[in-house]
Structures are given as C-alpha cells and as structure tokens.
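Shown next, in structure tokens, is the structure this report addresses.
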Amino acid sequence: MSERGVVTDYAADEMYPGDLVCYAARQGNRVRLADAVVDRVLTVQVDGRLRPMLKLRPTGAESGFRKRRSLRAVWIGAEHVRLLSPGPPVPDEDRDYCN
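Here's what the structure looks like:
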C-alpha cells in the first residue's frame, strides 16, 4: 500500500479523510445508496495496477425500507463513490494520506 497523488471520485473531485460521500451498498439482492464519512484513503496494487481504496464509516442515512443492522466500517474502491461535501479543512502537515 502506498500513496500515489490524490484520490478522486468519478467526477474528479478530490477526497480526503473526513469528507462526506455517497456510495452503493448491497443488502441481500438489492443495492441502496448510503452516506458515509471517509476514514482512510490509500492505494493498493492489484494485478499490477494501483487501485484507490477508501475505508468508509456509514452515517445511517440511506435509501431503502429496511434499516441497516450495523454501522461497521467498509473498504470500497474509489470509483464507486461520489463526494457530497468536503470535511473540515486540515493543514497539509497534519494530513495523513496513507494511514
């Protein structure tokens, strides 16, 4: 795992820890939209390619009829995420890009 520049969503908006994002979450055979806060941003080498990955902490705000059972953190690829609102600004010297 390593740092490779800035991780962006599919609309080229930069994502950092603390940002509020929207992503597709599975529940059984259905897919729902869920809001989450970014915990970690990093890249992982898979089959010779660098894949941007995000560790997300769901907020509980999501589409669907049934309530989510747990608010556990999940790892997902950054290509399936859309930035909703940036988090609080963090000075560059305090920002932890890889951890």
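Just so you know, numbering that gives the first Met the number 0 puts 39 at position 40 of the sequence shown, and the rest follows in order with no gaps.
By construction, the Cβ of each residue, glycine as well, lies at the ideal position given by its N, Cα and C atoms.
As the structure is a computational prediction, the values presented were derived from the model and not from experiment.
- Ranked by how close their Cα comes to the Cα of GLY86, the residues MET14, TYR9 and VAL5 have MET14 in first place.
- As DSSP reads the structure, LYS54 sits in a beta bridge with ARG39 and TRP74.
- In this structure the region 43-51 does not touch the region 21-31; the number of beta carbon pairs closer than 8 Å is below three.
- Shown here for PRO51: same chain residues with a beta carbon closer than 6 Å to its own, the five before and five after excluded, namely VAL6, THR42 and ALA77 in chain order.
- Setting aside the 5 residues that flank it on each side, GLY63 is surrounded in the same chain by GLN26, ARG29 and ARG31, each with a C-beta closer than 8 Å to its C-beta; the list follows chain order.
- When the beta-carbon positions are compared, LEU55 and ASP38 come within less than 9 Å of each other.
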